[in-house]
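Numbering (this note's numbering), first residue to last: 483 to 615. Virtual Cβ for every residue (Gly too), placed ideally from N, Cα, C. Before any comments, here is the structure.
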């Protein structure tokens with residue numbers, strides 16, 4: 483996901499998107515979101531070899547209502563590792579499990595990034611939020 487929103491086709495998507503700031507990465511079933519009237523393909527660009535490698539993602543562990551999560555899953559390709567708390571580096575990993583266009587819209591409307599306080603306060607951390615880089 484890019485930081486900016488584009489509401490009309492780009493004249494030169496390769497150039498525009500090559501310099502656009504990335505907001506975060508998501509795994510999302512594109513074929514379903516394309517059925518939404520709010521979604522418009524404004525351009526495409528070929529991914530470099532580096533861009534084709536998925537980043538590490540994080541996901542909160544399951545927890546009962548009125549309880550706090552006891553840790554996070556770190557997802558690296560096909561491998562999942564359980565950690566009891568995020569490090570400051572892990573605080574910047576994108577969140578796994580964005581399943582709807584509404585959830586994506588919420589990220590933009592509320593200006594939420596992976597390292598946003600609202601996201602990080604959901605689970606345990608190995609550092610105080612004031613030290614986040």
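Excluding the five sequence neighbours on either side, which residues of its own chain have a C-beta within less than 6 angstroms of the C-beta of residue i, listed in chain order?
i, result
"residue 499", "527"
"residue 583", "515 and 518"
"residue 525", "492 and 495"
Hey, quick one: how far does the alpha helix (DSSP H) through residue i stretch, first residue to last?
i, result
"residue 521", "From DSSP, residue 521 is part of no alpha helix (DSSP H); its letter is neither H nor E."
"residue 499", "495-501"
"residue 602", "599-602"
Near residue i, what residues of its chain come up, given a Cβ to Cβ distance below 7 angstroms and the 5 sequence neighbours on each side ignored?
i, result
"residue 538", "556, 557, 558 and 575"
"residue 510", "580"
"residue 600", "594"
"residue 618", "Since the displayed the chain opens at 483 and closes at 615, residue 618 lies outside it and no answer follows."
Under a Cβ-count criterion, where at least 16 other Cβ atoms within 10 Å of its own Cβ denotes burial, should residue i be classed as buried or exposed?
i, result
"residue 560", "exposed"
"residue 547", "exposed"
"residue 554", "buried"
"residue 568", "buried"
"residue 593", "exposed"
Report all residues from its chain with a CB closer than 8 angstroms to the CB of residue i; omit the five preceding and five following residues, and keep chain order.
i, result
"residue 483", "504, 505, 506, 507, 508, 586 and 589"
"residue 521", "515 and 583"
**Asked** In chain order, which alpha helix (DSSP H) runs of at least 4 residues are fully inside the region 540-600?
**Response** 583-591
**Message:** With three or more beta-carbon pairs closer than 8 angstroms as the criterion, would you say the region 570-586 touches the region 604-614?
**Reply:** yes
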